[in-house]
Each structure stands twice: as C-alpha cells, then as structure tokens.
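Structure record follows, encoded as structure tokens.
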Amino acid sequence: MSDEPETAPKPQRRIKLLLIVAAVVLALDIVSKVLAVKLLQPGKPVPIIGDTVTWTLVRNSGAAFSFATGYTWVLTLIAMSVVVGILIIGRRLVSTWWALGLGMILGGALGNLVDRFFRGPGPLRGHVVDFLSVGWWPVFNIADPAVVGGAILLVALSLFGYDYDSSERRTAEDQDNQQSTEFSPESSESDVEDTESADAQTSQTKPT
C-alpha cells in the first residue's frame, strides 16, 4: 500500500462544450439569415402574430438590435476582440454554466462577424441581416439574443459567486480567506522588518 498522498483529480475543462454551443448558435444564425434573404423582401413585412411579431428583412450596420449604427468597422474590431478573449478564457474554463454563456456569446459574435466580412458593402463594413421584429423592439436575428442572453447569464453567475475556472460556488468564507491572505498581519510585519533592515544597512554604509 503506497504512502504517497492522493492528489485531487484535475477539474475537467469545458472548452469542448463552449465550442459546441458556439457552433450550434452559429449554424442556426447563418441558416436563418440565408433563408431570410432568400424568402423575404425589404420593406415588406410578413405577419406572424398580427402586426406585433413579423418577419422583416433589414440590413443593419450597427450592433445587436440596431444599436450604434454607422460604426460598422469599430464594431467589427470589438467583436473580433471578444472572440479572441473568449477563446483565451476557454483554455481555463471549468464551469459548465460559464461554458454555456460564453458559447452563446461566441456563436452570436461569429454569426454577425460572418456578415461583417462577407456581405456588402465590403469586408469589415458588411451589414448584418436582421429579420425578426417584435413590437417596438428593433429588428434582430438569432445572434443578437444569443449574445445578450449569454452576457446576462455571465453577470448572474458572477453575482452569485460562480467563477469560470471553478466548478463550485465561491462562498463568503473563500473571499474572506483570500482577502486575509493578501492583507495578512504576518506579511505586513515582514514588510516592515525588511524595510527596517534595509534602512539599518544603509545607515551603516554611509561615510561618517
């Protein structure tokens, strides 16, 4: 029987789940946009539930839900930065819920980036295809609620103490322990002693 201490198994990474969720969102977004462009005509809404919910084809130069129109290339660069950031975080991702939220954001961001690069008027300036209108809300596509929903999920996870690199909820005791470690009296006393020792050595080396 070995006397070696048992080591805790490494937490399972969730990068695969993140990529699967992103791929599903991206596929749904691309297919729905292709169908919208093929079947709908600009300026001719098709009612789903009266005039409240309609299929309405719109070319959007702004962000999700038609915000920040006219800043297409800036939004493209921001979306590219978001994609890179999510992929970097994904390498350390442990939480299943964080994988779901980040996957939704990644898939939505990639879906709109496809339009930015491959639709008119040109690369980095392409207009995003929106096709669903609900009441007074701006016309949107599948990528838009995926991004917003994923962001809301991540905010909720953070507020309730769930970190992306942990499978367990962060407790108040964990936060207190972290703070006490960072600001422990022992470390403060050690810093004071080091400072006093350095001052003493400096005074001894000064010429009289």
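For the sequence shown, our numbering gives the first residue as 1163, with consecutive numbering after it.
A virtual CB, placed ideally from N, CA and C, is assigned to each residue, including glycine.
Notebook entry, point to check: How far does the alpha helix (DSSP H) with tryptophan 1260 in it reach, from first residue to last?
Noted result: 1258-1280 is the span of the alpha helix (DSSP H), which, as asked, contains tryptophan 1260.
Margin query: If you follow the beta strand (DSSP E) that isoleucine 1211 is in, where does it begin and where does it stop?
Written below: It spans 1208-1211 - the beta strand (DSSP E) in which isoleucine 1211 sits, taken as one unbroken run.
Notebook entry, point to check: Which same chain residues, not among the five before or five after glycine 1311, have their C-beta less than 7 angstroms away from its C-beta?
Noted result: Met1266
Next item on the list: Determine the extent of the alpha helix (DSSP H) in which threonine 1238 is found, giving its start and end residues.
Entry: 1234-1252
Next item on the list: Out of Thr1238, Thr1214 and Val1244, point me to the one whose CA is closest to serine 1223's CA.
Entry: Thr1238
Next item on the list: Would you check if the stretch 1253-1265 and the stretch 1311-1324 touch, i.e. whether three or more CB-CB distances between them fall below 8 angstroms?
Entry: These segments touch.
Check: What whole-angstrom Cβ distance do phenylalanine 1302 and glycine 1288 have, given they're in contact under 8 angstroms?
Finding: Incorrect: roughly 17 angstroms between the Cβ atoms, too far for contact.
Checklist line | Cβ-based burial, lysine 1243 [other Cβ within 10 Å; buried from 16] | finding: First, the amino acid is wrong: residue 1243 is serine here, not lysine. So serine 1243 ends up on the exposed side.
Margin query: I'd like to check one pair, leucine 1180 with leucine 1294: are the Cβ atoms closer than 8 angstroms?
Written below: no
Margin query: Does serine 1295 come out as helix, strand or coil in the three-state DSSP assignment?
Written below: Of the three classes helix, strand and coil, the one that applies to serine 1295 here is strand, per DSSP.
Notebook entry, point to check: When you compare only the Cα positions, how much space is there between threonine 1385 and lysine 1178?
Noted result: In the structure displayed, the chain extends from 1163 to 1370; residue 1385 sits before or after that span and is not available.
Notebook entry, point to check: Is tyrosine 1324 near arginine 1332, with beta carbons less than 8 angstroms apart?
Noted result: A contact, by the Cβ cut-off of 8 angstroms.
Checklist line | For valine 1220, the first and last residue of its enclosing beta strand (DSSP E) | finding: 1215-1222
Check: Which of helix, strand or coil does DSSP assign to valine 1290?
Finding: strand
Next item on the list: For threonine 1234, I'd like the list of residues in its chain whose CB is within less than 6 angstroms of its CB, leaving aside the five on either flank, ordered along the chain.
Entry: Ser1223 and Arg1287
Check: Leaving out the 5 sequence neighbours to the left and right, which residues in its chain are closer than 7 angstroms to arginine 1175 when beta-carbon positions are compared?
Finding: For arginine 1175, where only same-chain residues beyond five positions count, the Cβ hits under 7 angstroms are Leu1255 and Val1256.
Next item on the list: Output the distance between the C-alpha atoms of isoleucine 1182 and alanine 1305, rounded to the nearest integer angstrom.
Entry: 15 angstroms
Note to self: From the DSSP secondary-structure annotation, give me the bridge partner or partners of phenylalanine 1302.
What the structure shows: Leu1294
Item checked: Rounded straight-line distance, which links the Cα of glycine 1212 to that of leucine 1272 -> 32 angstroms
Check: Looking only at DSSP bridge pairs, what is tyrosine 1324 linked to?
Finding: Arg1331, per the DSSP bridge assignment.
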